[in-house]
Amino acid sequence: MTGLMVLLDQPKNSFSAGTFINMIPFGNDTVLPFIQVDCRGWDIFENRARNLREAAACESLQASQGYHNSWLTLHEDKKNKYDPNAIELLVRGEAFGNAGYIAKEQTEAVRKLAELCSCKVGDLHVTIARKDFAHLKNVPLVVYGHLIVKDELVNFRQLGVV
């Protein structure tokens, strides 16, 4: 079973949103550092809700006929007039549309995860943690990256685990 499947098979409430970075093994020398965050504002506009439902259907391989292959990405929205630190959730990139924003109090944790993985925020992977989100105000997302572990002790010290 891959590391990501182990991650997604965890009980729905086993990760606390935006508090700390968790890690699971993925192969011999790689771990998947991840954090759960909330997507807010997805329910404000119908097109955002449609975009998110389409991405969820594609992720679970249950997309009905007429759905496109959709994926989620993060984008640092530095031009956001309300919050220059905002991180936007996009479906199929900027050309297709916004599906909401990462909760304001969790954006710093996402940036720390990107720094840990030596990548940009937009290079992190995003998946919807609960496919039954229609009744939720905030949609739980799992954001993860890849970290090659050459010296396990050094990397765990970097994370503050040891």
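Going by this note's numbering, the letters in the sequence shown line up with residues 1100 to 1261, in that order. The C-beta atom is built at its ideal place from N, Cα and C for all residues, glycine as well.
- A straight line joining the alpha-carbon of A1156 with that of K1180 spans about 32 Å.
- Rounded to the nearest whole angstrom, the C-alpha separation of L1212 and I1227 is 17 Å.
- Taking the Cα positions, G1221 is about 15 Å away from A1198.
- With 16 or more other CB atoms across the displayed protein chains lying within 10 angstroms of its CB, N1150 is buried.
- By the Cβ-count criterion, T1129 is exposed, with fewer than 16 other Cβ atoms from all chains shown falling within 10 Å of its own Cβ.
- Annotation: P1132 to I1143 spans about 31 Å, alpha carbon to alpha carbon.
- Looking at the backbone, the Cα of C1138 and that of V1242 are separated by about 11 Å.
- When the beta-carbon positions are compared, G1196 and N1146 come within less than 9 Å of each other.
- Annotated three-state conformation of G1221 is helix, per DSSP.
- Around P1239, the same chain offers A1116, Q1135, D1137, A1228 and R1229 as residues with beta carbons nearer than 7 Å, after the five sequence neighbours per side are excluded.
- Between the alpha carbons of K1177 and I1186 lies a gap of roughly 8 Å.
- Closest in C-alpha terms to T1172, from the list W1141, V1209, E1158 and L1223, comes L1223.
- Take the alpha-carbon of Q1205 and the one of E1153: they are about 24 Å apart.
- When DSSP reads this structure, H1174 sits in a beta bridge with E1187.
- The Cβ atoms of N1237 and A1208 lie no closer than 9 Å to each other.
- In the same chain as E1158, and ignoring 5 residues on each side of it, the C-beta atoms closer than 7 Å to its own belong to T1226 and I1227, in chain order.
- Within the DSSP secondary-structure output, C1138 pairs in a beta bridge with I1201 and V1238.
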